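Structure first, commentary second.
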Amino acid sequence: MNLDDLAHTCGEWLRASGPEADIVVSSRIRLARNLAAMPFTNRASAYQKAEIEGLLRERVTHLELEAPLTFLSVATMSPLDRQFLVERQLISRELATTEGPRGVALDGRERISVMINEEDHLREQVMRSGFALDEAWQEIDRVDDLLEQRVTFAFSEELGYLTACPTNVGTGMRASVMLHLPALVWTKQIEKVFRALQKINLAVRGLYGEGSRASGDFYQISNQVTLGKSETDILKEIREVIPQIITYERQARATLLRESRQGLQDRVSRALGTLQSATMMTSEETMDLLSSVRLGLNMALLNDVVTIATVNEVFLNTQPAHLQKLTGSALDGEERNAARARYLRNRLREADAQPN
Amino acid sequence: MKCHLCANDATVHLTDATDGQKRTVHLCQACAEQKNLVKQQELNLPAILETLIGQHLGRTDELARLTCPACGIKYMEFRAEGRLGCPHDYTAFRDGLEPLLQRIHRSSQHRGKKPRHRTDEIREVELLELRTRLRQAVEDEQYEEATRLRDVLRSKEATDESG
Chain A
35 MNLDDLAHTC GEWLRASGPE ADIVVSSRIR LARNLAAMPF TNRASAYQKA EIEGLLRERV
95 THLELEAPLT FLSVATMSPL DRQFLVERQL ISRELATTEG PRGVALDGRE RISVMINEED
155 HLREQVMRSG FALDEAWQEI DRVDDLLEQR VTFAFSEELG YLTACPTNVG TGMRASVMLH
215 LPALVWTKQI EKVFRALQKI NLAVRGLYGE GSRASGDFYQ ISNQVTLGKS ETDILKEIRE
275 VIPQIITYER QARATLLRES RQGLQDRVSR ALGTLQSATM MTSEETMDLL SSVRLGLNMA
335 LLNDVVTIAT VNEVFLNTQP AHLQKLTGSA LDGEERNAAR ARYLRNRLRE ADAQPN
Chain B
320 MKCHLCANDA TVHLTDATDG QKRTVHLCQA CAEQKNLVKQ QELNLPAILE TLIGQHLGRT
380 DELARLTCPA CGIKYMEFRA EGRLGCPHDY TAFRDGLEPL LQRIHRSSQH RGKKPRHRTD
440 EIREVELLEL RTRLRQAVED EQYEEATRLR DVLRSKEATD ESG
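Take a look at the structure:
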């Protein structure tokens with residue numbers, strides 16, 4: 035698999051299809067698994083890590099899947115390629131930055147990613163566009179079943195799948211749904227939503243796992259508890275709460291329209307105008323303005339000048355590593371901001387000219 | 320600062336940190352002496368510990384001595400780093416992990432998916448121990464012992480796969 039080819043595609047999670055895709059960007063499930071008779075990654079010697087990588091790499095790339103997985107060694111990859119995979123959510127920051135033999139196995143559609151020698155020996159992940167936790171679960175469960183036929187996982191009847199950190203023990207499952215919630219942010223109701231979610235033991239993080247003020251108004255909602263509940267029950271809890279958040283976001287959008295239509299129209303139009311004409315653009319400002327444009331398109335305030343799929347693609351391609359891949363050269367801060375603005379002008383004007 | 324028990328100035332300050340919860344008690348010399356915490360300027364350590372930490376100490380002390388026989392990690396290393404060393408730690412550090420799991424998950428019984436093959440914990444611990452000894456032998460440059468251990472490990476793994 036050539037990473038430079040991936041740079042010209044969008045990846046599953048930003049495809050902008052799937053149920054409720056205007057608000058629910060993507061659904062993701064990951065399972066943490068470890069080999070039964072090996073020390074956990076942080077306690078394994080370099081030799082043992084190589085042994086683990088060798089064994090799992092062989093098993094993972096020979097699973098009977100419609101689209102076989104390709105292994106990429108993260109240890110020997112350039113820092114730019116690592117950052118590129120982090121931006122596409124195909125590997126974690128931890129896998130990008132730790133030491134020793136490690137890698138990831140991917141399918142061409144970027145729906146399945148299996149990390150080897152992360153905090154746990156295996157981190158199996160499935161990603162879907164839109165609100166599709168059940169489909170994601172069916173797929174990851176199948177990948178896990180196939181793997182389980184080939185390796186013995188650390189498991190106890192009492193505590194379930196055993197993981198390096200006790201916060202993951204049991205199902206080893208973290209299910210998360212990524213939401214775009216600009217109206218709740220603008221109307222300052224987002225904190226209220228967070229508090230309610232924390233009360234029912236769900237975690238809220240930003241696009242790339244950061245804290246409270248998420249870039250681009252993207253938020254990931256995920257379960258915290260992994261022990262004492264079945265996968266089905268955990269998924270049900272998340273599945274039940276998401277429609278409520280969608281309803282709040284829609285209500286907030288309706289309120290904005292009712293109470294400050296002019297202001298809202300101005301804000302989203304200016305955002306698009308700035309993106310189409312600025313000559314220097316930071317990543318942060320881009321995320322902020324694209325969030326407004328995305329909202330404007332979803333509320334039919336921008337007459338479909340660009341599609342949601344284009345906006346999603348631009349979100350990804352203006353991230354530092356993607357931008358450098360697309361321009362084909364390493365760029366420092368100022369050059370990067372100029373290149374980002376150039377890319378935005380071209381991409382959003384070109385889209386503007388296209389008939390819909 | 321005033322004494323918690325009377326109006327005198329506090330000169331004895333005791334802080335107790337348990338499970339991330341910090342409690343501080345401020346006392347004057349007289350009250351501290353009366354509580355038997357201080358004897359003529361000298362600290363009565365056992366009495367202080369008994370007052371503040373209670374039974375908690377005995378448990379921590381016992382846990383602090385624990386080492387996993389399979390991977391060699393110490394319980395206190397786990398507490399410092401937050402990561403376990405191998406799957407067998409869940410058995411070796413059971414007493415320390417049980418309250419932790421209750422706090423994180425409010426449960427200590429798995430109710431989800433199970434692998435279809437049964438795992439054989441005794442055999443896995445044996446393999447883990449062999450790996451720890453092999454690694455140690457290599458670090459100590461005892462290559463003959465390392466070669467012997469590697470062969471034992473290989474033959475055991477081979478029977479594992481055929482079984």
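Chains A and B supply the protein sequences, listed in that same order.
Numbered continuously in this note's numbering, the first sequence closes out at residue 390.
Numbered continuously in this note's numbering, the second sequence closes out at residue 482.
Backbone N, C-alpha and C define an ideal beta-carbon position, used for all residues, glycine too.
Computed from a predicted structure; not experimentally measured.
Here B:Ile441 is exposed. Its C-beta has fewer than 16 other C-beta atoms within 10 Å. Counting along the chain, the unbroken beta strand (DSSP E) around A:Gly137 starts and ends at Gly137 to Leu140. B:Thr478 is outside the set of residues whose beta carbon lies under 7 Å from a beta carbon in chain A. B:Gln428 has a beta carbon lying within less than 7 Å of a beta carbon in chain A.
No beta strand (DSSP E) of 3 residues or more sits fully in the segment 298–339 of chain A.
If you compare the alpha carbons of A:Asn151, A:Pro113 and A:Pro73 with that of B:Leu449, the shortest gap goes to A:Pro73. A direct Cα-Cα distance of roughly 6 Å separates A:Gln358 from A:Ala364. For the set B:Phe412, B:Glu381 and B:Glu476, the Cα lying nearest the Cα of B:Glu445 is the one of B:Glu476.
A direct Cα-to-Cα measurement between B:Arg473 and A:Pro135 gives close to 22 Å.
Taken in chain order, the members of the segment 388–404 of chain B whose beta-carbon sits within less than 7 Å of a beta-carbon on chain A are Cys390, Ile392, Gly401, Arg402, Leu403 and Gly404. Beta-bridge annotation (DSSP): A:Ser60 is paired with A:Ser163 and A:Met212. Pairing A:Ser61 with A:Val275 gives a Cβ-Cβ distance that is not under 7 Å.
Shown here for B:Lys393: same chain residues with a beta carbon closer than 6 Å to its own, the five before and five after excluded, namely Thr386 in chain order.
A:Leu309 and A:Leu323 do touch by the CB rule: their CB atoms are close to 5 Å apart, below 8 Å. DSSP, reduced to helix, strand and coil, places A:Arg49 outside both helices and strands of the structure shown, so it counts as coil. Identification of chain B residues near A:Ala198 by a Cβ-Cβ cut-off of 8 Å yields Arg402 and Leu403, ordered along the chain. For A:Phe187, there is no enclosing alpha helix (DSSP H), as DSSP gives it neither H nor E. The beta carbon of A:Ser311 is closer than 8 Å to those of Arg379 in its chain, skipping five residues each way along the sequence. Boundaries of the alpha helix (DSSP H) around A:Leu350: Ile342 to Asn351. Judged by DSSP in its simplified three-state form, B:Val444 adopts helix.
When 9 Å is used as the limit between beta carbons, B:Tyr409 is near these residues of chain A: Ala188, Ser190, Glu192, Leu193, Leu196, Pro200 and Val203, in chain order. The beta carbon of A:Ser264 sits closer than 7 Å to some beta carbon of chain B. Its chain contains Pro102, Leu103, Thr104, Phe105 and Ala139 as the residues whose beta carbon lies nearer than 8 Å to that of A:Thr95, once the 5 sequence neighbours on both sides are disregarded; these appear in chain order.
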